[in-house]
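So the sequence lines, in the order shown, correspond to chains A and B.
When you line the first sequence up against our numbering, it's residues 3 to 290, in that order.
When you line the second sequence up against our numbering, it's residues 8 to 278, in that order.
Glycine is no exception: its CB is placed at the ideal position from the N, C-alpha and C atoms.
Notes follow the structure.
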Amino acid sequence: MTRSPRVLWLTVPSLVWFAVFSVGPLVAMFVIATLRWKGLLYEPTYIGLDNVTKVFADPTFHAAVRNSLIQVAVAIPVMIPLAFMLGYHLNTKPRAYRILSVLYFSPGLISISMTGMIFYGVLSPNGGVNGLLRGLGLDSLANAWLADPATALPSLIAIDLWRGIGWTAVLFAARLASVPGEVIEAAQIDGAGRFRTMWQVAFPMVKDYVRTLTMLQFLWTLFTSAALILLLTKGGPGTSSTTLSYLVYAKAFSMRDLGYSQVVGVVLLLFGIAGMALIRALLRGDTR
Amino acid sequence: MRKRPLATVLSWLYALILAAPLYYLAVSALKTNIEIFTRPFALPAAWLWENFHTAWETARLGQALLNSVLISLVAIVLTLALAVPAAYALARTDSRAARVITGAFSAGFLIPPFAALIPTVVLAINMGLFGTREFQMLFLPASALPLSVLLLTQFMRTVPAALVESAALDGAGHWRLLTRVFVPIARPGVVSVTILQLLTFWNEYLFALTITGTSPDVRTVQVALPTLISDATNLGVLAAGTVLTVLPVYVAYSLMNRRMQEALTAGAVKE
Chain A
3 MTRSPRVLWL TVPSLVWFAV FSVGPLVAMF VIATLRWKGL LYEPTYIGLD NVTKVFADPT
63 FHAAVRNSLI QVAVAIPVMI PLAFMLGYHL NTKPRAYRIL SVLYFSPGLI SISMTGMIFY
123 GVLSPNGGVN GLLRGLGLDS LANAWLADPA TALPSLIAID LWRGIGWTAV LFAARLASVP
183 GEVIEAAQID GAGRFRTMWQ VAFPMVKDYV RTLTMLQFLW TLFTSAALIL LLTKGGPGTS
243 STTLSYLVYA KAFSMRDLGY SQVVGVVLLL FGIAGMALIR ALLRGDTR
Chain B
8 MRKRPLATVL SWLYALILAA PLYYLAVSAL KTNIEIFTRP FALPAAWLWE NFHTAWETAR
68 LGQALLNSVL ISLVAIVLTL ALAVPAAYAL ARTDSRAARV ITGAFSAGFL IPPFAALIPT
128 VVLAINMGLF GTREFQMLFL PASALPLSVL LLTQFMRTVP AALVESAALD GAGHWRLLTR
188 VFVPIARPGV VSVTILQLLT FWNEYLFALT ITGTSPDVRT VQVALPTLIS DATNLGVLAA
248 GTVLTVLPVY VAYSLMNRRM QEALTAGAVK E
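In structure tokens, the structure reads:
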């Protein structure tokens with residue numbers, strides 16, 4: 003360690019870069035939220051909190067809040083425990099675990115836009131899912147999954163789970179590999195069942211990591227749903243699959259109301275912070 | 008080892024659910040629409056290789072791949088040029104200022120770039136770089152900096168103090184210490200960051216769509232491919248294009264399977 007802090011000057015370029023391209027736009031969001039701005043080619047005017055009033059009175063916004071809440075409230079509590087159990091299983095090195103871990107890992111390599119293209123085919127009325135159902139003689143269950151208000155949002159959540167569970171499981175397995183094997187064995191010699199060993203011995207040892215990953219998956223699900231929705235449902239039918247994240251995008255680029263869009267952006271950010279606080283409280287580390 | 012039938016069955020069931028869409032994609036890439044509809048999971052009756060050619064031409068994937076490579080490469084060079092010196096400085100100092108800077112990057116790591124999408128578009132317009140590849144080259148490193156700096160700092164902290172002292176006694180300045188001592192020792196970290204961020208840059212979609220745009224000369228593969236969707240989408244061509252776009256990533260993955268898995272887990276294991 004050097005005593006002279008002069009070497010810290012080397013961090014300045016990266017800090018400037020980060021300030022210009024990341025912090026600046028984040029701050030600008032709060033400013034744009036107070037403007038009347040009809041699309042990027044127009045001149046904005048300051049209207050203060052009028053946008054906030056408008057947004058909070060809009061039924062589309064209410065639908066988006068509801069859909070975002072459903073999305074994270076279903077996706078995260080399903081994804082994290084399943085991923086943990088699969089990760090635990092992977093870590094016991096079952097037969098052909100290499101094949102399993104490569105498969106689990108693979109959605110992590112596929113971009114959101116490619117995922118969209120894959121499921122565009124899979125979920126289309128004549129696509130893979132319906133083909134499978136017809137093959138099983140379950141024709142009556144076949145559906146236009148993305149065009150039916152009852153199944154559009156559940157389909158998107160299912161895609162989140164499809165790509166999220168395996169990827170998170172591989173990460174959990176990597177973390178669990180650093181837990182000393184003797185601890186697990188000792189518990190099993192004491193007669194603890196597999197399920198109990200997993201949740202009462204292994205889980206507390208990696209709880210901090212579970213919390214970190216839960217937060218990351220939560221933020222990911224909450225913020226990045228816009229891309230998949232844009233590719234697959236455009237928020238519809240009606241507002242049935244409009245999330246907050248998609249509303250930010252749609253209001254700015256298709257409905258040309260940047261002030262509205264950025265009010266929603268601020269709400270989304272507050273949601274993110276509140277959710278992280280909640281996850282932190284629920285998965286509080288053991289005080290050692 | 009005791010048998011665990013339930014866990015085994017469930018883990019393979021999920022593997023099957025993961026593999027099914029990928030298999031469906033691969034076989035669809037060689038079929039006509041009619042065959043995709045009537046025999047969704049069967050192997051193609053006649054292997055329709057033209058789909059790949061059609062996808063390549065229609066979405067102008069050649070130019071798009073070139074754009075993606077160009078953007079990713081410039082962005083990764085810039086990321087390393089910014090992050091390596093910063094990590095070196097943070098690894099070598101333990102002052103209040105250093106902790107504040109580390110804290111700033113830790114907070115930045117948590118904020119998804121999407122949060123500031125629209126103001127970033129405004130920034131691109133004001134810089135006169137809207138609709139260009141150059142803005143992505145400049146912007147992507149900024150979004151990659153928090154994680155890159157934090158990871159590299161951790162790796163550089165493993166450099167033994169004795170080594171630094173003896174090098175310093177030999178009169179080595181910061182530049183020589185960095186290039187001769189720190190970077191070689193932190194090489195696994197540099198490799199991890201490079202792989203991780205290249206994948207992120209290659210896969211980036213929304214910023215590429217809204218800022219670089221859909222003009223065929225500048226758009227990336229991620230943006231080019233969805234243009235194959237229309238009112239009468241040829242699903243076979245779309246699947247072929249998807250295979251072509253995903254393939255480079257899988258080839259890279261199969262070539263350096265373990266390195267890549269290490270890199271990607273390192274990205275999230277950071278605590």
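Quick one: what's got a C-beta closer than 6 Å to residue i's C-beta in the same chain, skipping five residues either side?
| i | result |
| --- | --- |
| L143/A | L135 |
| L84/A | I167 |
| A228/A | S247, Y248 and Y251 |
| F116/B | P153 and L154 |
| M8/B | Any reading at M8/B must be qualified, since the residue scores a pLDDT of 46, below 50, and its modelled position is unreliable; no value is offered. |
| R38/A | T47, I49 and G261 |
| T160/B | A94, L97 and A98 |
| R213/A | L285 |
Sorted by chain position, which residues of the same chain lie with C-beta nearer than 7 Å to residue i's C-beta, five sequence neighbours on each side aside?
| i | result |
| --- | --- |
| Y31/B | P47 and F48 |
| A204/A | Y90, L178, V181 and I186 |
| V124/A | G130 and V131 |
List the endpoints of the continuous alpha helix (DSSP H) containing residue i.
| i | result |
| --- | --- |
| G178/B | G178/B -> no alpha helix (DSSP H), and no H or E assigned at all. |
| M87/A | P61 to N93 |
| P126/B | L124 to N133 |
| K38/B | Looking at the DSSP string, K38/B is not in any alpha helix (DSSP H), and its letter there is neither H nor E. |
| A93/B | L68 to R99 |
| P15/A | V14 to F20 |
| Y122/A | I114 to L125 |
| L105/A | Y99 to F107 |
| L31/A | According to the sequence displayed, residue 31/A carries Met and not Leu. That run of the alpha helix (DSSP H) goes G26 to I34. |
| W63/B | E57 to T65 |
| V244/B | L242 to L262 |
| S142/A | From DSSP, S142/A is part of no alpha helix (DSSP H); its letter is neither H nor E. |
| D238/B | From DSSP, D238/B is part of no alpha helix (DSSP H); its letter is neither H nor E. |
| K40/A | Segment: none, K40/A is in no alpha helix (DSSP H) and carries neither H nor E. |
| S113/B | R103 to L117 |
| T227/B | Note, T227/B: premise wrong, no alpha helix (DSSP H); not H, not E. |
| R136/A | G130 to G137 |
| F58/A | D52 to F58 |
For residue i, does the count of other Cβ atoms within 10 angstroms reach 16, so buried, or fall short, so exposed?
| i | result |
| --- | --- |
| S16/A | buried |
| L12/A | buried |
| H91/A | buried |
| R290/A | Residue confidence for R290/A is low, a pLDDT of 43 falling below 50, so the modelled location carries little weight and cannot support an answer. |
| P223/B | exposed |
| M217/A | buried |
| T45/B | exposed |
| Q202/A | exposed |
| E42/B | buried |
| F58/A | exposed |
| F197/A | exposed |
| I1/A | In the structure as shown, chain A begins at 3 and stops at 290. Residue 1/A is therefore absent and cannot be evaluated. |
| W56/B | exposed |
| Q47/A | Reading off the sequence, residue 47/A comes out as Thr, not Gln. Flag for T47/A reads exposed. |
| K95/A | exposed |
| Y44/A | exposed |
| A283/A | exposed |
| M3/A | Bear in mind that a pLDDT of 48 at M3/A, under 50, signals an unreliable position, so the model cannot answer this. |
| K277/B | Its pLDDT being 49, under 50, K277/B is placed unreliably by the model, and the measurement read from it follows with that caveat. Its Cβ having fewer than 16 others within 10 Å, K277/B is exposed. |
| M263/B | exposed |
| R165/A | buried |
| T117/A | buried |
Less than 8 Å between C-beta atoms, sequence neighbours within five positions excluded: which residues of the same chain meet that for residue i?
| i | result |
| --- | --- |
| F225/A | S247, L270 and G274 |
| L235/B | A62, T65, A66, N241, V244, L245 and G248 |
| W54/B | L37 |
| A66/A | T241, T244, T245, L246, Y248, L249 and V266 |
For a contact meaning CB atoms closer than 9 Å, what does residue i contact in chain D?
| i | result |
| --- | --- |
| L117/B | Judged by its chain identifiers, the structure shown contains no chain D, and its protein chains are A and B. |
Three-pair Cβ contact test at 8 Å for the region 189-209 of chain A versus the region 83-91 of chain B: Verdict: no, contact absent.
Meets three-Cβ-pair contact criterion under 8 Å: the region 240-253 of chain B and the region 169-179 of chain B: no
Whole alpha helix (DSSP H) elements within the region 150-194 of chain A, 4-residue minimum: 154-178 and 183-191
4 or more residues per run - each alpha helix (DSSP H) lying fully within the region 137-225 of chain B: 140-163, 168-176 and 194-210
Continuous alpha helix (DSSP H) assignments of at least 4 residues falling wholly in the region 193-269 of chain A: 209-234 and 246-255
Three-pair Cβ contact test at 8 Å for the region 52-70 of chain B versus the region 21-37 of chain B: yes
Any 3 or more C-beta pairs closer than 8 Å across the region 94-108 of chain A and the region 209-222 of chain B: no
Inter-stretch contact (C-beta, 8 Å, three-pair minimum) for the region 28-42 of chain A and the region 229-240 of chain A: Touching, no.
The region 130-137 of chain B in contact with the region 258-272 of chain A per 3-pair CB rule at 8 Å: Taking one beta carbon from each stretch, the region 130-137 of chain B and the region 258-272 of chain A have fewer than 3 pairs nearer than 8 Å; the two do not touch.
Cβ contact check for the region 175-187 of chain A and the region 198-212 of chain A: 3 or more pairs under 8 Å: yes
Contact between the region 118-127 of chain B and the region 177-195 of chain B (3+ Cβ pairs under 8 Å): no
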